[in-house]
Amino acid sequence: MDIATKDGIAIKNVALTPEDWVDYYEYVNLLFYESVRGLLKGLYSTAQDSYRRARGKFDGKGFQDKTYYALGYYEAYKLGLALYTAKALSIASDVELFTLTINSISPLATLYDSNMAGVGDLNIETASIIAIALYSDLPYRLQPSIAIGGAGAGVTGIAIGYIISALIAIGIVWGVIRWLRRL
Numbered sequence: 158m159d160i161a162t163k164d165g166i167a168i169k170n171v172a173l174t175p176e177d178w179v180d181y182y183e184y185v186n187l188l189f190y191e192s193v194r195g196l197l198k199g200l201y202s203t204a205q206d207s208y209r210r211a212r213g214k215f216d217g218k219g220f221q222d223k224t225y226y227a228l229g230y231y232e233a234y235k236l237g238l239a240l241y242t243a244k245a246l247s248i249a250s251d252v253e254l255f256t257l258t259i260n261s262i263s264p265l266a267t268l269y270d271s272n273m274a275g276v277g278d279l280n281i282e283t284a285s286i287i288a289i290a291l292y293s294d295l296p297y298r299l300q301p302s303i304a305i306g307g308a309g310a311g312v313t314g315i316a317i318g319y320i321i322s323a324l325i326a327i328g329i330v331w332g333v334i335r336w337l338r339r340l
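Quick look at the structure:
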């Protein structure tokens with residue numbers, strides 16, 4: 158990765174290569190994505206294992222993964238992914254924990270420090286995943302795919318519904334932000 162700085166702004170260039178991503182397990186977001194993918198494919202043990210690996214990086218305030226050590230800040234969207242996945246796996250204690258942790262960040266921002274103080278702005282991606290995780294019942298709908306034990310047409314329909322719902326939520330949040338900027 159090349160990093161250049163101009164007027165105090167870091168510009169990062171990441172070149173994609175055909176090499177395997179061998180350290181994906183060091184990134185909490187990728188483990189949560191793997192967990193949700195496992196649920197969608199009916200691979201419940203994979204979903205649980207990936208969730209446990211990600212959950213093991215939670216220190217009570219946020220996730221200390223490879224990105225945390227590089228930035229020195231927690232990433233709020235990872236709490237949204239954790240909450241979403243905990244709901245999908247019906248882990249009630251973690252649903253409560255991650256909800257409380259998200260609500261402790263003040264002001265809510267893309268990054269936050271160990272004092273739960275938001276750093277910088279809130280980007281649309283972070284706002285969207287947190288809104289979906291907090292206020293949507295989409296994660297709970299993953300459960301039927303586990304019961305049928307496979308990735309049939311029903312699971313594909315559910316996945317498409319999730320994607321459409323997420324895009325609608327992103328559009329709504331983006332519209333609200335644009336409206337607020339005009340005030």
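Under our numbering, the first residue of the sequence shown carries the number 158, and numbering increases by one thereafter.
All C-beta atoms in this analysis are idealised placements derived from N, C-alpha and C, irrespective of residue type, glycine included.
Problem set entry | Of the listed residues Gly165, Asp180, Ala161, Val179, nearest to Val171 (C-alpha basis) | As a working note, residue 171 is residue 14 in the sequence shown. Of the listed residues, the one whose Cα sits closest to Val171 is Ala161.
Problem set entry | Pair within 8 angstroms by beta-carbon distance, Val405 and Ile281 | One cannot answer for residue 405 here, as it falls past the ends of the chain, which runs 158 to 340.
For this session: Please classify Val179: is it buried, with 16 or more other beta-carbons within 10 angstroms of its beta-carbon, or exposed?
Result: What you label residue 179 is simply residue 22 of the sequence shown in a count that begins at 1. Burial state of Val179 is exposed, judged by a 10 Å Cβ sphere holding fewer than 16 other Cβ atoms.
Exercise. Is it true that the stretch 218-225 meets the stretch 192-200, where meeting means three or more beta-carbon pairs spaced less than 8 angstroms apart?
Worked result: Counting Cβ pairs under 8 angstroms, fewer than three are found: no touch.
Exercise. Since Thr283 and Tyr234 are thought to touch, with beta carbons under 8 angstroms apart, how far apart are those beta carbons, to the nearest angstrom?
Worked result: As a position in the sequence shown, residue 283 is number 126, starting the count at 1. As a position in the sequence shown, residue 234 is number 77, starting the count at 1. At roughly 4 angstroms, the Cβ-Cβ gap stays under 8 angstroms, so Thr283 and Tyr234 are in contact.
Problem set entry | Cβ-Cβ distance between Phe255 and Ala245 below 8 angstroms | Here residue 255 refers to the residue found at position 98 when the sequence shown is read from its first residue. Here residue 245 refers to the residue found at position 88 when the sequence shown is read from its first residue. Contact flag unset, no.
Exercise. If we count the other Cβ atoms within 10 Å of its Cβ and call it buried at 16 or more, is Ile166 buried or exposed?
Worked result: Residue 166 sits at position 9 when you count from the first residue of the sequence shown. Under the 10 Å beta carbon count, Ile166 is surrounded by fewer than 16 other beta carbons and is classified as exposed.
Problem set entry | Anticipated Cβ contact below 8 angstroms, Lys218 with Ser271, distance rounded | Reading the sequence shown from its first residue, position 61 is the one you call residue 218. Reading the sequence shown from its first residue, position 114 is the one you call residue 271. The pair is a contact, with the Cβ atoms about 6 angstroms apart (cut-off 8 angstroms).
For this session: Find the nearest neighbour of Gly229 within the set Ala243, Ser207, Leu200, Gly275, judged by alpha-carbon distance.
Result: As a working mapping, residue 229 is identified with position 72 in the sequence shown. Out of Ala243, Ser207, Leu200, Gly275, Gly275 has the C-alpha closest to the C-alpha of Gly229.
For this session: Starting from Val276, follow its DSSP beta bridges and name the residues at the other end.
Result: Counting from one through the sequence shown, the residue named residue 276 turns up at place 119. Beta-bridge pairing links Val276 to Leu268.
Exercise. Got a sec? Which residues, its chain only, sit under 7 angstroms from Ile303 by beta carbon, not counting five neighbours each side?
Worked result: Here the question's residue 303 lines up with position 146 in the sequence shown. Low per-residue confidence applies at Ile303: pLDDT is 42, beneath 50, and the placement is therefore not dependable, though the value from the model is reported in the following sentence. Leu196, Gly199, Tyr201.
For this session: Pull up the distance between the alpha-carbon of Ala204 and that of Ala227, whole angstroms please.
Result: For the purposes of this step, residue 204 is taken as the residue at position 47 of the sequence shown. For the purposes of this step, residue 227 is taken as the residue at position 70 of the sequence shown. One C-alpha to the other measures close to 27 angstroms.
Exercise. Run through DSSP, which three-state label would Tyr231 get?
Worked result: In the sequence shown, the residue the question calls residue 231 occupies position 74. Looking at Tyr231 - three-state DSSP - the assignment turns out to be strand.
For this session: Express the C-alpha separation of Glu253 and Arg212 in angstroms, rounding to a whole number.
Result: Counted from its first residue, the sequence shown places residue 212 at position 55. Counted from its first residue, the sequence shown places residue 253 at position 96. Looking at the two C-alpha atoms, the distance is approximately 14 angstroms.
For this session: List the endpoints of the continuous alpha helix (DSSP H) containing Gly195.
Result: Residue mapping note: residue 195 aligns to position 38 of the sequence shown, counting from 1. Following the DSSP letters along the chain, one finds Gly195 inside the alpha helix (DSSP H) bounded by residues 185-197.
Problem set entry | Pairwise C-alpha distance: Ala288 and Asp278 | By one-based count along the sequence shown, residue 278 stands at place 121. By one-based count along the sequence shown, residue 288 stands at place 131. Straight through space, the alpha carbons of Ala288 and Asp278 are spaced by roughly 16 angstroms.
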